[in-house]
Structure formats: structure tokens, C-alpha cells
Amino acid sequence: MTDSKNLFTRLSHNGRAGTHVYGFVNPPVHRGSTVLVENMAQRRTNQARRLEQVLTYGVAGTPTHWPLENVIADIEGGTRCQIVSSGLAACTVPLLAYLGAGDHVLIPDSVYGPVRGFCDNFLSRMGVTTTYYDPCIDAAGIALLFRPSTKVLYLESPGSHTFEVQDVPALSAVAKTHGAKVLMDNTWGIHHFQPFTHGVDVSIQALTKYVGGHSDVLLGSITVNSDPDWERVRSTSGQLGMYASPDDCWLALRGVRTMAVRMERQEKSAIEVAQWLAGRPEVKEILHPALPGARGHDIWKRDFTGACSLFGVVFQPGFAPEKIEAVAEALQLFGMGASWGGFESLALPSGTMPRTAGSGDFGGPMMRLHVGLEHPADLIADLDQAMKRLHANEP
Ligand SMILES: Cc1ncc(COP(=O)(O)O)c(C=O)c1O
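See below:
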């Protein structure tokens, strides 16, 4: 249930230490495995309340984890949140929570790559069948893919590297008629997309990205909006021994305080950079849902309140992939690296992602850009000099 105050206010005030740490503003890092009890009655009471924020054993969470859980649940408009060790764990734990031998799962072709690896290897060994679908599929199309054994519809919107915006309410409504759970990777949208008002049951975030915000922490969150979903996610996470370090939670909580401010600036800069690129003759298309006229813009405008600073560039088909790599290598301010959402800009040629549902052809070599907190004029100048490599004789 989202607090009615503005997000900026909530990110500043929620998840504070309260009065129990000598008046300090921030919760301290609580490290510990054993939790001592006064007597066996207290131990039994604590264990019976394992689904609540009660100290039972370090792996079940501490007063450093709880404020972060509460802030993320609030951002996403859910009731409860489980923090896990990485964004990838936040993807895999709910899949394990709702799938078993003989079940079927629907996964978008544009899914974050390691989730595909998890489905093709781990889930398939468990006897779970995966169907990859075109992320732009409509309600009628997805309805045809449901089987009696389909237990999960997985969404990621916009999709990894190619930024397809999914019609989440329409697809979720179909899943509901088939009794399937809707899991969504909401890392790109963060606070700009409210998953539970669009039919999602379980929302996944890689907190590693904008929440951490400084490229120095790995964490994930799984947020739900009902008691049965909490029971399922929480107990699966516990049975798997999932845990997140309190030091990392503390860093993420620090990141939360400035997240909205950083993102507002980065969103604006990314649009400026994307618009400059859109005007270049070497560029065929910009994959950024917030740009008017871009693919997915109408659904984005309907469902999102803003954008993050990660988008794709499709170059003209005449350029060999090696030329795109040469551009990435020539950039001075954009580092070449994978994990986005930090304060620094990144560029990564991205045309090699595996696709099996025939949805990956954008008609030219691609690069993914993450725009950080540098000034957009400097980033544009950097792109301008690096793109000269497209016209050089050697790659
Ligand atoms: C959309 C998306 N989901 C999940 C993840 C996984 O996050 P982590 O790096 O924390 O495992 C990533 C990482 O890049 C991602 O891009």
C-alpha cells in the first residue's frame, strides 16, 4: 500500500532508524547469526512469527534488512518485500516458488539473459517446460500459448537490450483467467511503474542498478501484494537459504535516499543524448520508450510516470558489428560494462543476445547506452568523436 506522500518525501523519511539508536538518523548495520532468547517460550513465539519482521536467526533478516524491505515495498506499492543477494536471485527465487515438475512457464524473448540460462538449464532439469514468446505479443496471442500446466507468466518491461514495452494489464488479465501467477522484472521502471495496479502478482527488482546507484553493491528484491504470495516467496527464499549481507542492505538504503534525484537528472540527460543520436545519419532507430514516436511509446505513456536512463541504439544496417565495437572502444566517458544504474555512463554493443521466438531483428547492429550523471554535452561530444570510427577504413 503506497504512502500518499510524494516519492521524494517517502525516500527521505521512510526506513529511518526510529528512536532506538541514540537518535542517529540511519539504522546501523546489524551483523549476526545467532539470536539469543530468554526462554523456550520466546523461541517458539519467534519461530511461529517467521513471516513477520521478527529476529529468529541472521539468515531470516535483521533490523538492517527491514527498513530496506519496507522502503522497496512502498516504492512498488506492495505489502511485503524479500531482499536477496542479487537481481538474478530475485528473478530465480519466485520462479522456483511457483513452478514444479510438469509445469510450464511463459518467458519473453527479450528476458534478461541469465534468466534464459536458468530456464533452459535449471528449470528444465526440474521438469519445467519454457516457451519463449514475442514480448510485443497481444492478449489474443498470449492466450494461445497458455496450457493447462502453465503456472507462470513472466514479464520484463521494457525488455533487456531491445526495450519492448509490454501491455502488462492485458497480458496479466489473460494469465488470471488461466489461474497463472504474473511475475515481472520491474528493474527498468522502478518507481515509474506500479506493478500491482497493472495486474502483477510478484515484482522483481535488481537493486544493484539505480537503488544501489554507485556500482558497488549487488542486491535484489521480490515484492508481493498478498499474504499467500508472501508466504510462498518468503518460505521458498528461506528454504533456499537466500540471504543478503546487512552491509549491502545498508549501502542500498543509502542509495535509496538519492535515487529519485539521480534518476530525474539521468532521465533528462538520457533523453537529450538519445535525441541527439536520433538526428545522426548513422543511426537507424533509437529504442527508448519515452521518445515520442519510438516503439512502445504509447503503452509507456499510458502506464509509466517516467523513464530510467538505459536505452538502445540501432545503427544503419551497412555498418559491420566490428565498427560498433570500435565506437564503444573509442568512447572516453562511457565505460564498456554490463551493470547499469550507477552514476557513470556505459556503452555495450548488444547485437549478440540469444532470441528464439523470432523477435530480435531490429534491422541493424545495436548498442546499449546507460547515461550517468556526467553532463550530457560532454557525453554527446564523446559520442561524436567515437562515431568517427564508423567511417574509418579499418574497424
Ligand atoms: C533487467 C535485469 N534484471 C535483473 C538483473 C540482474 O541483476 P544483478 O546484476 O543484481 O544480478 C539485471 C542485470 O543486469 C537486469 O538488467
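Reading the sequence shown from the start, the letters are residues 246 to 640 in the working numbering.
For each residue, glycine too, the CB sits at the ideal point set by N, CA and C.
Mapping DSSP to helix, strand and coil, what is Pro640? Caution is warranted here: a pLDDT of 49 is assigned to Pro640, below 50, making its placement in the model unreliable, and the coordinate value is therefore given only provisionally. Pro640: coil per DSSP, three-state reduction.
At what residues does the beta strand (DSSP E) containing Gln450 begin and finish? Val447 to Ala451
Compute the distance between the beta-carbons of Asp446 and Leu428, then report whether it is under 8 Å. yes
Within the present structure, is the beta-carbon of Gly303 separated from the nearest heavy atom of ligand 1 by less than 7 Å? no
With 16 as the cutoff for other CB atoms within 10 Å, does Ala631 come out buried or exposed? buried
Among Pro312, Thr374, Pro491 and Asp606, the one whose alpha carbon lies nearest that of Ala346: Thr374
Looking at ligand 1, does it come within less than 7 Å of Glu570, judged from the CB to the closest heavy atom? no
Less than 8 Å separating the beta-carbons of Tyr377 and Ala602? yes
For Phe391, the residue or residues it bridges with in DSSP: Paired residue(s): none; Phe391 is not in a bridge.
Residue of Ser490, Ile531 and Phe269 minimising C-alpha distance to Met612: Ile531
Go ahead and label Asp606 buried or exposed: buried means 16 or more other beta carbons lie within 10 angstroms of its beta carbon, across all protein chains shown. exposed
Sheet register partners of Ile328 (DSSP bridge): Ser466
Alpha carbon to alpha carbon, how far is Pro308 from Asp430? Give it in angstroms, no decimals. 26 Å
Grouping DSSP H, G and I as helix and E and B as strand, with all else coil, what is Phe367? helix
Give the DSSP bridge partners of Ile531, in chain order. Val558
Leu389: buried (16+ other C-beta within 10 angstroms of its C-beta) or exposed? exposed
Inter-residue spacing [alpha-carbon to alpha-carbon] between Asp348 and Lys250: 42 Å
Just grab the DSSP bridge partners of Thr376 for me. Leu351
Taking buried to mean at least 16 other C-beta atoms within 10 Å of its own C-beta, is Thr453 buried or exposed? buried
Glu509 versus Phe564: straight-line alpha-carbon distance, rounded: 33 Å
Within a Cβ cutoff of 8 Å, which residues of the same chain sit near Pro528, ignoring the five residues on either side of it in sequence? Note that residue 528 corresponds to Val in the displayed sequence, not to Pro. Contacts found: Leu522, Val558, Val559, Phe560 and Gln561.
Which one of Gly541, Tyr455 and Asn638 has the shortest CA to CA distance from Gly586? Tyr455
For the putative contact between His436 and Ile544, defined by C-beta atoms under 8 Å, what is the C-beta separation to the nearest angstrom? With 8 Å as the limit, His436 and Ile544 do not qualify as a contact, their Cβ atoms being about 18 Å apart.
Could you pull the DSSP bridge partners for Gly580 from this structure? Leu591
Residues that His231 bridges to, as DSSP identifies them: This structure does not reach residue 231, given that the chain is present from 246 up to 640, and the question cannot be answered.
Any heavy atom of ligand 2 inside 7 Å of the beta-carbon of Ala451? As for ligand 2, it is missing from this structure, which binds only ligand 1.
Say whether the region 482-499 touches the region 321-336, bearing in mind that this needs 3 or more beta-carbon pairs closer than 8 Å, one atom from each stretch. yes
What's the gap between the Cα of Pro640 and the Cα of Arg634? Residue placement at Pro640 is poorly supported in this model, since its pLDDT is 49, which falls under 50; the coordinates still yield a value, given next. Approximately 7 Å between the Cα atoms of the pair.
Mind checking whether the beta-carbon of Asp461 lies closer than 7 Å to any heavy atom of ligand 1? no
Counting pairs of Cβ atoms below 8 Å between the region 398-411 and the region 378-385, do you hit three or more? yes
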